[in-house]
Structures are given as C-alpha cells and as structure tokens.
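Student: Supplied in structure tokens, the structure appears directly below.
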Amino acid sequence: MTPKNELIFLALGGSGEIGMNVNLYGCDGKWLMVDLGMSFADPGYPGVDLVFADLDFIEERAEDLVGIVLTHAHEDHIGAVPYFAADLGVPLYATPFTASLVREKLVEAGIQDEVELHVIDHLDSFRPGGSISPFQVRYVPLAHSIAEGNAVLVETPYGRVFHTGDWKLDDDPQVGEPSTPEELTEIGDEGILALVCDSTNVFNAAASGSEGEVRTGLDAEVARHRGKRVLVTTFASNVARLQTLGQVARDTGRQLCVAGRSLDRIIGAAQANGYLQDFPDTVDFDTAMRLPRGEVLIIATGGQGEPRAALARIAAEQHPLDLVKGDVVLFSSRQIPGNELAIGRIMNQLAGRGIDMVTDRQELIHVSGHPGRPELEALYGWIRPEILVPVHGEMRHMAEQARVGAKAGIPSQVVQKNGDIIRLAPGKPGKIGESKAGRLVLDGDIIVPADGESIVERRRLASNGHITVVLPPAGSKGEVMINAIGLPLVEDMDEFLDEAKNDVASAIARLKGRSREPEAVLEAARLAARRAARRWSGKNPQVAVLAMGAG
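The UniProt record's numbering applies: residue 1 is where the sequence shown begins, and numbers increase by one.
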C-alpha cells in the first residue's frame with residue numbers, strides 16, 4: 001500500500017501491548033516512522049531476550065520512508081535501532097540526550113558509519129527526508145521518567161498530529177523543563193487533527209504525582225533508617241530519580257555508591273548533555289563497604305528482578321556490595337506487569353536474610369512516568385483534537401482511553417491495534433485495511449520469526465522433553481537404542497526404556513514388506529517411541545529417529 005492524497009496512521013508495535021513501540025504515518029506517497037522500540041521476552045520465548053515488531057511492511061516500502069523520529073531514550077522506543085536502522089537506510093532524528101544513547105548503541109553494533117543520526121538541539125521544526133517529505137516535525141517537551149521526554153508535533157497537508165510519546169504532568173520535575181499549559185494551549189489553538197496518546201495509566205483515577213514529592217518521601221525514608229545501610233533500586237534511565245537520589249544522599253549525610261553498568265552509562269550520557277551537573281562524586285564498592293553502615297547510600301539496578309543485575313547478585317550474596325540483617329532496600333520503581341515472579345524471588349531472598357524492604361505501596365518513594373485520567377483530561381482540554389487515537393497500551397487500556405476521551409468531548413475516537421491501517425484524513429477517520437504485524441525475536445545472534453520453527457520446537461522441548469531413537473543397520477541383529485531427556489521418569493527410566501525399545505522393534509516388524517522403505521521405518525519408530533512415552537508419563541515428547549548405515 002502506498003498512501004495517496006491522505007494521512008494514514010499504522011502501528012506495527014505498541015498498540016495492544018505495552019512496549020515495542022513502532023508507529024508509521026503515511027502521507028502523499030511517503031512514510032514517517034516515530035520510534036523503533038523493542039520488548040524484553042517473557043518465558044513464552046525460551047532462550048530469547050529481545051522481541052521486536054515485524055517491520056516487513058515498511059521494509060518493503062523503505063524507498064518511501066523519509067526518516068525515523070525518536071521521542072525519547074527508553075528501550076521500548078529506541079531498543080530496535082541497532083538491529084534495523086541500517087537496513088531501513090533512512091536518517092534518525094533525536095534530541096541530544098537520546099542521541100547520545102542511540103550513538104552508543106550504533107557504535108556497539110559497529111554500524112555508526114552506516115546510520116545517519118541528526119541531533120535536534122532546539123525546538124524549531126525540521127523536515128525529515130528534506131524537501132521531498134510532506135512531514136514537518138517539531139519536538140514538544142513533556143515530563144517523563146527520563147531526560148528529554150518529548151511529544152512530536154507532525155504537520156501535514158491534511159492536518160496536524162500531536163503524538164505524545166510517553167508523558168505525564170509534573171509541576172516539579174527535577175530535570176528538564178516540560179511545556180507549560182499555556183504553551184500546550186497555544187498548540188491547540190492552532191488546530192490539532194489527531195491526538196495519538198499514551199494509554200498506560202488510564203485506569204488510575206489520580207494523577208501520577210511529582211518527582212519533587214518523591215524527593216520529600218525518599219528524604220524522610222532514608223533519614224528514618226539511621227545506622228543502617230540503605231540500597232535504592234530504580235530504573236537506570238530515570239535521570240530525574242538519579243538527580244533526586246544525589247540530593248537525598250547529601251540531605252541525609254551519606255556517601256553515594258552506584259552499582260550497575262547501565263547506571264554508569266546513563267549518568268555519563270546525562271552529564272555529557274548538561275544534566276546531573278551537581279551529582280555527588282561516588283565511592284567505589286570497597287570504600288562503600290568500609291564506611292559506617294549509616295553513611296552510605298547505594299543505587300542499584302535490578303528492581304524488575306533481572307537475574308544478572310546488581311540487586312539480584314547482592315540478594316544472592318554474589319556481589320562485592322553486601323547487605324546484612326536490618327539493612328534496607330527501597331524499591332523506587334513500579335512493578336512492570338509480567339515481572340512479579342522475578343521481583344518476588346529477589347524479595348524472598350532478601351526477606352530470608354532479614355533485610356527490610358519498602359515499596360511505593362508503603363511510602364511515597366516512586367511516581368509513575370505515565371498520565372492518570374486527570375492528566376489525560378487536562379491534555380484533552382489544552383490540545384482539543386478532532387480525533388483521539390489511543391496507543392501504548394493493551395487493548396483494555398486503549399478502549400478505556402477512547403471512552404474517557406469521548407466523555408471529555410473529543411468528537412472521534414479510533415481504537416486500533418497493531419496492523420490496522422487507519423485513515424485520519426480526509427473524510428471520516430477509521431480503519432481502511434490491515435497489514436502484517438507480527439513479532440520477531442533475537443535468538444542468539446539471529447533475528448527470526450517469533451512463531452518460527454525453532455521457537456515452536458523449543459517450547460515443545462521445554463514442555464514435553466525429547467527422545468532420541470537410534471535404529472541398527474537394516475538386516476543386522478543390533479538392538480534399538482533410546483535416550484530420553486526431560487521426562488518425569490527418574491526412578492522408572494530403565495523400565496520405560498526397555499519397553500520403548502521393544503515397542504519400536506515390534507512396530508518395525510509389523511511393517512513386513514514395507515520394512516525396506518526408510519521413511520516408513522523412521523515414522524513407525526517415531527510413533528512407537530512417542531506412544532510409549534505418553535503411556536508412561538502423559539507427555540508427548542519430540543522424537544528424533546536416526547538410522548545407522550550398514551557396515
């Protein structure tokens with residue numbers, strides 16, 4: 001599909017899920033991409049860490065893609081850049097802090113000379129792709145849980161789109177200067193065709209809260225634990241929270257120690273772009289351990305239960321930093337859905353060692369970076385769009401935001417999902433078609449379909465185990481050999497193997513004249529071994545049959 005004299009919106013990722021944001025705008029024969037993110041794999045993808053949106057739709061139309069505009073530097077908005085940007089072959093556009101982190105990714109991937117990265121260090125409009133592009137874009141600063149969170153204002157011949165990215169309202173953000181209500185009202189006064197808006201916290205009846213309030217809460221909480229070693233775990237990318245924790249360390253008379261490579265990377269990028277300029281000098285692990293317990297504050301990665309992060313290794317006593325009974329861990333972050341079990345495992349390890357824990361459910365030590373309903377309603381009043389397109393949420397979140405928008409008086413709401421091709425203008429907005437919108441995974445060093453044969457087989461192996469059957473050469477008196485992995489038959493394994501060997505031999509014998517047909521022999525052996533496994537264990541394992549050659 002090539003967009004004609006019209007404005008089209010198409011999400012390839014991030015609509016119907018939280019994360020993996022990839023959005024396309026089509027206009028007058030050209031396409032513009034906003035964000036190129038990824039997600040972290042859940043247990044449904046064994047052996048896989050990263051999940052991407054399938055970009056087949058836009059890869060087939062790459063000659064019509066004018067550029068990729070990045071709203072901010074969270075992984076679910078930039079994480080896929082090093083894997084796809086070079087192949088797409090178009091310029092990237094980002095503000096300075098985001099550009100610094102993207103550049104690091106390109107260098108790490110060895111493609112920094114293959115990808116054109118434009119740093120937009122002002123709020124003037126720019127035209128991705130140059131004069132051939134129908135898209136005029138400018139960044140609009142909004143508060144979020146990372147430095148330089150931005151909406152993008154996309155101007156086209158058919159109207160203007162206000163694409164929020166991730167955002168919230170914050171009267172005391174600690175880092176950065178988000179747009180004021182007056183500035184957003186002025187944008188609305190000039191006319192907005194469509195508001196494409198973050199849906200993550202639409203079910204929250206209250207506003208998300210201010211980073212300034214978190215500083216007050218953390219000050220009080222850390223001060224309460226005099227004489228104890230305090231560790232705070234938070235998202236590494238939350239520069240405002242790092243700024244807050246630096247101030248808290250000073251306020252409470254503690255030295256600061258940082259544990260986690262991603263924290264070091266974010267702090268370096270932030271300071272290179274003018275943030276965290278008054279961040280305290282940090283002490284190394286050895287110094288932190290020699291300080292009196294009440295004179296150190298540790299910031300550590302791993303609040304989402306990541307097994308290789310600093311907090312997990314500290315909890316397992318496999319890290320140079322150590323906590324003992326009576327010390328305190330503050331979880332200054334919210335649980336991302338799907339991480340509850342991993343976080344719970346670490347909390348149980350800490351609890352088992354007598355280490356106290358405090359979360360945002362007990363004290364005001366964290367606020368979300370996404371808007372609750374009052375913030376959404378305020379933005380609707382300032383921007384006053386003709387159309388609301390909820391994104392960045394599961395289907396229930398997006399449907400709820402459409403309901404909230406309708407109640408607030410937005411004339412049209414379009415609830416869409418990944419792959420839905422939506423015409424925004426001219427005419428009545430709505431779905432006009434569908435595109436492929438699957439998932440890809442990084443499996444080792446190879447990007448493959450998420451529902452491909454290797455992943456499906458691995459799920460089966462994880463669920464049902466594996467049997468290998470080795471057949472003797474045809475006509476020989478050798479015995480069938482069988483090996484089983486992953487069947488729940490530890491004590492009965494020998495009996496099972498004996499019976500399975502007899503079943504395989506009998507199944508081949510029953511072939512009679514067909515016993516000379518190799519395919520028939522292999523299939524008979526496979527089915528016999530599988531039936532035996534099902535009879536003994538209730539499992540349906542994968543079965544591989546190998547036939548030894550004569551001589």
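Glycine included, each C-beta is placed from N, C-alpha and C at the ideal position.
How many Å lie between residue 77 and residue 144 at the Cα?
Tutor: 13 Å
Student: Taking 6 Å as the limit between beta carbons, can you name the residues of its chain near residue 305, skipping five residues before and five after?
Tutor: 339, 342, 343 and 346
Student: Around the C-beta of residue 20, are 16 or more other C-beta atoms found within 10 angstroms, so that it is buried, or is it exposed?
Tutor: With a threshold of 16 other beta carbon atoms within 10 Å, residue 20 meets it and is buried.
Student: Looking only at its own chain, which residues have a Cβ that is under 8 Å from the Cβ of residue 226, when we skip the five neighbours before and after it?
Tutor: 294
Student: According to the neighbour-count rule (16 or more other Cβ atoms, all chains shown, within 10 Å of its Cβ), is residue 12 buried or exposed?
Tutor: buried
Student: Measure the beta-carbon distance from residue 38 to residue 68 and round it to whole angstroms, keeping in mind my assumption that it falls under 8 Å.
Tutor: No, residue 38 and residue 68 are not in contact; Cβ-Cβ is about 14 Å, not under 8 Å.
Student: What residue does the beta strand (DSSP E) around residue 442 start on, and which one ends it?
Tutor: 439-443
Student: Taking just the CA atoms, how far does residue 409 sit from residue 242?
Tutor: Rounded to the nearest angstrom, the two C-alpha atoms are 39 Å apart.
Student: How long is the line joining the alpha carbons of residue 550 and residue 90, rounded to whole angstroms?
Tutor: Confidence at residue 550 is low in this model, with a pLDDT of 47, below 50, so its placement is unreliable and the value that follows should be read with caution. Going by the C-alpha atoms only, they are around 58 Å apart.
Student: Please classify residue 267: does DSSP put it in a helix, a strand, or coil?
Tutor: helix
Student: How many Å lie between residue 240 and residue 181 at the Cα?
Tutor: In a straight line, the C-alpha of residue 240 is about 21 Å away from that of residue 181.
Student: If you compare alpha carbons, which of 383, 439, 387 and 415 is closest to residue 397?
Tutor: 415
Student: Should the stretch 80-99 be regarded as contacting the stretch 448-462, the criterion being three or more beta carbon pairs within less than 8 Å?
Tutor: no
Student: Can you find a C-beta in chain D that's less than 8 Å from the C-beta of residue 429?
Tutor: Given the protein chain composition of this structure (a single chain), no chain D is represented.
Student: May I ask which residues mark the beginning and end of the alpha helix (DSSP H) holding residue 433?
Tutor: Careful: residue 433 lies outside any alpha helix (DSSP H), inside the beta strand (DSSP E) at 430-434.
Student: Out of curiosity, what's the CA-to-CA distance linking residue 315 and residue 309?
Tutor: 10 Å
Student: Is residue 45 helix, strand or coil by DSSP?
Tutor: coil
Student: Decide yes or no for the touch test of the stretch 172-188 against the stretch 351-359: beta carbon pairs closer than 8 Å, at least 3 of them.
Tutor: no
Student: Tell me whether residue 554 sits in a helix, a strand or coil according to DSSP, three-state version.
Tutor: Residue 554 is absent from the structure shown; the chain starts at 1 and stops at 551.
Student: Mind the definition here: the stretch 52-66 touches the stretch 93-103 only if three or more C-beta pairs lie below 8 Å; say whether that holds.
Tutor: no
Student: Return the first residue and the last residue of the alpha helix (DSSP H) that residue 206 is part of.
Tutor: First-last for residue 206: undefined, no H or E at that position.
Student: Let's see if you can read the secondary structure: which residues bound the alpha helix (DSSP H) around residue 361?
Tutor: Element bounds for residue 361: n/a, residue is neither H nor E.
Student: Flag residue 401 as yes when its Cβ comes closer than 7 Å to any non-hydrogen atom of the ligand GDP, and as no otherwise.
Tutor: No copy of the ligand GDP appears in this structure; indeed no ligand is present at all.
Student: Starting from residue 343, trace the alpha helix (DSSP H) both ways and give me its first and last residue.
Tutor: 340-352
Student: Quick one, which of 238, 488 and 297 has its alpha-carbon nearest residue 284's?
Tutor: The candidate whose alpha carbon is nearest that of residue 284 is 297.
Student: For residue 230, does the count of other Cβ atoms within 10 angstroms reach 16, so buried, or fall short, so exposed?
Tutor: buried
Student: Please report the straight-line C-alpha distance between residue 112 and residue 118, rounded to a whole angstrom.
Tutor: 12 Å
Student: Residues in the same chain with beta-carbon distance under 8 Å from residue 457, minus the five sequence neighbours each way, listed in chain order, please.
Tutor: 542
Student: Starting from residue 38, follow its DSSP beta bridges and name the residues at the other end.
Tutor: 52
Student: State yes or no: is the C-beta of residue 197 within less than 8 Å of the C-beta of residue 374?
Tutor: no
Student: Within the chosen definition, does the stretch 420-438 reach the stretch 158-166 through at least 3 CB pairs nearer than 8 Å?
Tutor: yes
Student: Given this structure, state the Cα-to-Cα distance separating residue 269 from residue 100, to the nearest angstrom.
Tutor: 6 Å
Student: Output the boundary residues of the alpha helix (DSSP H) element that contains residue 400.
Tutor: Boundaries of the alpha helix (DSSP H) harbouring residue 400: 395-407, taken from the DSSP string.
Student: Drop a sphere of 10 angstroms on the beta-carbon of residue 317, count the other beta-carbons inside from all chains shown, and report buried for 16 or more, exposed for fewer.
Tutor: exposed
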